[in-house]
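Per numbering that gives the first Met the number 0, the very first residue in the sequence shown carries number 0; after that it's consecutive. Built from N, CA and C at the ideal position, the CB exists for glycine as well. These figures come from a predicted structure and were not determined experimentally. Each remark here refers to the structure printed beneath this line.
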Amino acid sequence: MPTPAVSVAIPTRDRPAELERALASLTAAAEHESAELIVVDDGSRSKAVADLAQAYGVRYVRHEPATTLNAARNRALEEARADLVAFVDDDVIVPPDWVRELVGGAARYPDADAFAGRIVARIAGLAGRGCGRHGAPITELDLGESDREIECAWGACMALRRRALERAGLFDPAIPSDDGDESEWFERLRAAGGRVVYLGGWRLEHVRCGPSARFVALARSSYRRGRGARRSDRRRGSEPPLRSELRTLAGCLWHVLRRRCPQGVFLAAHSFGRLVEASRHAGTQ
């Protein structure tokens, strides 16, 4: 069997509805390309994920016990056959040229060790809400259509060459998914002299719909991300003081009241998560 030009890994756990949308678009994008798709099931409780992988004719890898997203990514790296390995979240939808854009971009930048894709957030029912000054409350990365060198990619749409692992090692399985799991790896890669390139034409949609798109669910997710962001700062030794976190929260709440901006609620939830994490850590010292 010939070695594919790219292996695409989709880590997932107990989200068959989201995974089916992702696989439908990914299999279409890979149909006439030299690519393999790998579903890494991180300990799902039902057979639904395995059944979907079989239905779409993609490789299925069972990763147990369920631990962290980084551990599932490392398992994907063990299983992948290509030199170029891409990662996506299980709640994305890719365009038909997604695989071709990545392979072409990697060929344009042979000295690059890793690549970041353009991530466009799409949340059902949230379009047009807010003052327009702030981004979506889910992962997005939209730097336009031009390629450029950047510091970090996000796991919803990223790729790396095998040689990057020689520079930076594997992903740290001890870091939870909300705690800067992929950014820590990119910090190591850059410290070792690695290069990360953003490919403006390599784009996908990061989709939230149904229960995960409800206002309360998005606010809770923002709160968890805020706590994780504070832990990530602590790991790097760059925690802002508690009074700074308080000022930020006050500013977010003022933004909600002054501009009547629902997006401000998510900013406040994120800020409150940071404050809670800072307070709890201070109480253990």
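The C-alpha of residue 258 is placed about 43 angstroms away from the C-alpha of residue 65. Here residue 110 is exposed, its C-beta having fewer than 16 other C-beta atoms within 10 Å. Residues 200, 201 of the same chain have their beta carbon placed closer than 6 angstroms to that of residue 100, with the five preceding and five following residues left out of the count. Listed as beta-bridge partners of residue 205 by DSSP are 91, 120. CA-CA distance, residue 187 to residue 167, rounds to 5 angstroms.
Cβ contact annotation for residue 17 (same chain, cutoff 7 angstroms, sequence separation greater than five): 89, 90, in chain order. The beta carbon of residue 247 sits closer than 7 angstroms to those of 270, all from its chain and outside the five residues before and after it, given in chain order. Contact between residue 221 and residue 136 holds, since their C-beta atoms are separated by about 5 angstroms, short of 8 angstroms. Each residue's CA atom was taken as its position, placing residue 192 and residue 92 some 32 angstroms apart. Close CB contacts of residue 197 within its chain, under the 7 angstroms cut and outside five residues either way in sequence, are with 115, 142, 146, 147, 149 (chain order). Contact annotation, residue 74 with residue 2: C-beta distance approximately 19 angstroms; criterion of less than 8 angstroms not satisfied. The shortest C-alpha to C-alpha distance from residue 39 to any of 22, 32, 28 is the one to 22.
Burial check for residue 61: the Cβ neighbour count within 10 Å stays below 16, so the residue is exposed. In this structure, residue 122 sits away from residue 155, with a CB-CB distance that is not shorter than 8 angstroms. Residue pairing by DSSP places residue 6 opposite 35, 84 in a beta bridge. Residue state for residue 161 is assigned as helix, using DSSP reduced to three classes. By the neighbour-count criterion, in which 16 or more other beta carbons inside 10 Å mark a residue as buried, residue 10 falls on the buried side. Under the three-state reduction of DSSP output, residue 193 falls in the coil class, being neither helix nor strand. Excluding residues up to 5 positions away in sequence, 59 lie with their Cβ nearer than 6 angstroms to the Cβ of residue 49 in the same chain. The continuous stretches of alpha helix (DSSP H) do not include residue 59, which lies in the beta strand (DSSP E) extending over residues 58–61. Distance from the CA of residue 249 to the CA of residue 219, rounded to the nearest whole angstrom, comes to 19 angstroms. Within the same chain, 135, 137, 139, 205 come within 6 angstroms of residue 120 by CB-CB distance, once the 5 residues on both sides are set aside. In this structure residue 113 touches residue 163 by the C-beta definition: roughly 5 angstroms separates them, less than 8 angstroms. Using a Cβ distance threshold of 8 angstroms, residue 244 and residue 273 count as a contacting pair. Residue 194 and residue 82 do not touch by the CB rule: their CB atoms are close to 16 angstroms apart, not below 8 angstroms.
The alpha-carbon separation between residue 225 and residue 152 amounts to approximately 19 angstroms.
Here residue 0 is exposed, its C-beta having fewer than 16 other C-beta atoms within 10 Å.
The beta carbon of residue 223 lies closer than 8 angstroms to those of 177, 272 in the same chain, with the five residues before and after it left out.
Residue 22 carries a helical assignment under DSSP once its states are collapsed to helix, strand and coil.
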